[in-house]
Amino acid sequence: MPEHLKANDVSANPQQVQVKSCNKISDSSPTNESSRVEKIQARIDCLQRLRKRSDDALQANRHEVYEEFQRKKTNPIHQERKREAEKLLAKQEAQVRGENYERKRFWSYSAESVEKWEKKQEKKAKRSNTGFTDFNQVAHKKYKKQINEFKPDLEAYDEQKIATTLTTTKDGEIIYIDTESSFYRDANSLRYASVDNVPSPQAVDRLVTDVNKQIAQREKFSRRKKAEDDDEITYINMRNRRFNEKIGRFYDKYTREIKGNLERGTA
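Quick note: to get our numbering, add 523 to the position in the sequence shown (first position is 1).
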């Protein structure tokens, strides 16, 4: 066997090398009884070291698995309560020192972060208007949402732009074409229907994912709407509905007959 292959075997798995060395101890022919016993004892010691090494690795793996389990076991509700408690404690300490907690907290914010926060709150206030007016507004709102969720592929855009604006002549000379007329085409252009214009598999996957997401949302809304229309309306909102359901578990068996008599007019 070549020397470089032996070196690779040693660096690849040192434990196998130790096993081979243990086997090598017993393979040599003993000269007398004492040397044979010594070789057997040496092999036993070598195997014990390997077993201890394997047990240590197994124990370390179990410890890592347990640590990962504990990290995933962390309750987000407890974390939120802890943050609220720390915030309340800091506010109380500021009051004891006679400081304005809100003003002191704002000192850690930069002007850029404040502007971003205000813009975010403005967008949130605009989105909070969920009342239905007409289908054009609903379509425009959905379009804006899809545009915000869209992540363009800038690398593919640059490659397509370079391929469109540069062309090769018959003589092998590369010339530049006007960008306005070749790349930024008008609505009457049929370049999008060319044979070379094939969407990438990633783009197709994004389209399929988005369509399935819209279908799932429509089905979820339809099931919720249907269940609410078929049920008896005895509530003013969802919170009151859940409260009535909890009360009904204990008192429906007593009030069912009274309710039936009232509906029949025989009470």
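Ideal Cβ placement from N, Cα and C applies to all residues, glycine included.
In the three-state DSSP reduction, Leu713 falls in the coil class, being neither helix nor strand. Between Ala608 and Tyr624 a beta carbon distance of about 15 Å is seen, past the 8 Å cut, so the two are scored as non-contacting. Where Gly771 is concerned, the enclosing alpha helix (DSSP H) starts and stops at 761-787. Taken in chain order, the whole alpha helix (DSSP H) runs of length 4 or more contained in the segment 593-656 are 599-619, 624-629, 634-650. As the crow flies, the alpha-carbon of Gln683 is around 60 Å from that of Gln615.
One thing to note: Ala617 has its Cβ no nearer than 8 Å to the Cβ of Lys610. According to the DSSP assignment, Lys674 belongs to no alpha helix (DSSP H), since it is labelled neither H nor E. Ile567 sits in a helix when the DSSP states are folded into three classes. Distances from the CA of Glu672 to each of Glu641, Ala634, Thr732 were compared; the closest alpha carbon is that of Thr732. In this structure, Thr757 and Asn767 form a Cβ contact; the two beta carbons are roughly 6 Å apart against a cut-off of 8 Å. Phe629 and Lys776 have their C-alpha atoms some 57 Å from each other.
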